[in-house]
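In what follows, a single structure is set out as structure tokens and then discussed.
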Amino acid sequence: MARVHRRVRAVSAALAAVLGVTLAGCSSTGGKRAEERAAQAAQGHAAVNTPRWTFAMVTHSGDGDTFWDIVQSGAKQAAVKDNIKFLYAHDVEGNKQAQDVQAMIDQKVDGLIVTLAKPDAMKDVVARARQAGIPVVTVNSGSEESKKFGALTHIGQDETIAGEAVGDELNQRGKKKAVCVLHEQGNVGHEQRCAGVKKTFKGELENLYVEGTNMPGVLSTIQAKLQSEQDIDAVVTLGAPFAPTAVKAAEQAGSKAEIDTFDLNAKVAQGLKDGSLGFAVDQQPYLQGYEAVDLLWLYKYNADVLGGGRPVLTGPQIITKDDAGPLAEYTKRGTR
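Using my numbering, the first residue of the sequence shown is number 1, and each one after it goes up by one.
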């Protein structure tokens, strides 16, 4: 746990520096002006007088994924503050996501935010954006490919480190046999998460692939696995919407396996509070959306590139029952 807490402290310090730079960059007259501009943004007014640029975000999200609602919440808030017109598109299929990016290029947007969950499908279109003079920031997935593809920077968590944190936490809880549930085949970030868990977990870990767009199928697959292997004592899901389904599967299978998850939403916060979930790994998606827009604005306005192009980490943070209460109000308003 000490290793996890050191990571959390380092991430928190880095984020404090990011937010401090952003606020300082918006005001040349000190804290009072920054507070005034923050108040304007909170009331739906731009806090800057830069041109009304258009930024587009194109992700690999499927329909109804609450995680991406939180990312968008952060992006939209930053867009209001920075006088940005914000566009959003998504598709779980890599080739279709690339087509959406091309459509944004054709619209001559001023900046692009993309995910690289399926990097092979995205490589060429990101290159075309750069050729068109459109700055690109990658977010959430693709930290290893981001710089290779020519993006300004990547914002998110290192998925391998996040997985290692989960393995450490499972060890602390005395778990011996775990299942890592992958709900989107071909997503490199998901594979990295489970590989990270396996690297540090001292017990036995098996990957279980499910079709994330078919929740009844997810339920039956996890239930069957737990029924056939009663010695499984931990199930790790890779997205908040799948955690309650895994809880139900364990109940129906008569399994005592602890359900843990990556990512956070209102249901996960409640599950942590009532004990139906053991812990969650929060990568702070609101920050991913907010900082992606803000850093593009800083680049357009002042040619700033935070961190020299190195990934800006927003996680991992291990969340347990002790943390659930204070987080409940944030999840209700859609920011955690």
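Think of the CB as a built atom: it goes at the ideal place given N, C-alpha and C, for glycine as much as any other residue.
Nothing here was measured: the structure is a model prediction, and the numbers come from that model.
Going by DSSP, ASN207 is part of the beta strand (DSSP E) stretching over 204-209. Residue pairing by DSSP places GLY156 opposite LEU313 in a beta bridge. Setting aside the 5 residues that flank it on each side, ILE105 is surrounded in the same chain by LEU112, VAL125, ARG128, ALA129, ALA132, ILE134, each with a C-beta closer than 8 Å to its C-beta; the list follows chain order.
As DSSP reads the structure, HIS90 sits in a beta bridge with THR59. Assignment of GLU184 by DSSP, reduced to helix, strand and coil, places it in the coil class. Here LEU277 is near ASP260, since their CB atoms are less than 8 Å apart. Taking 8 Å as the cut-off, the beta carbon of MET122 is found no closer than this to the beta carbon of TYR88. Judged by DSSP secondary structure, GLY307 falls outside any alpha helix (DSSP H); it is assigned neither H nor E. Taken through DSSP and simplified to helix, strand or coil, THR237 comes out as strand.
Here THR115 is near THR138, since their CB atoms are less than 8 Å apart.
Nearest in C-alpha terms to LEU313, of all of TYR286, ASN207, ASP304, is TYR286.
For VAL281, the beta-bridge partners assigned by DSSP are PHE262, ILE318. For ILE84, the closest alpha carbon among the candidates ALA98, THR66, THR50 is that of THR50. For PHE201, the closest C-alpha among the options GLN99, GLY167, GLN283 is that of GLY167.
The alpha-carbon separation between GLU169 and VAL179 amounts to approximately 14 Å. DSSP, reduced to helix, strand and coil, places LYS267 within a helical segment of the structure shown.
Beta-bridge partners of GLY111 (DSSP): PHE55. Under the three-state reduction of DSSP, THR138 is assigned to strand.
With respect to PHE262, ARG333 sits apart: the two C-beta atoms are not nearer than 8 Å.
The three-state secondary structure of ALA132, taken from DSSP, is coil. Distance from the CA atom of SER228 to the CA atom of GLU258, rounded to whole angstroms, is 16 Å. When secondary structure is reduced to three states using DSSP, VAL48 falls in the coil class, being assigned neither helix nor strand. If you check the CB distance, ALA243 and GLY189 do not come in under 8 Å.
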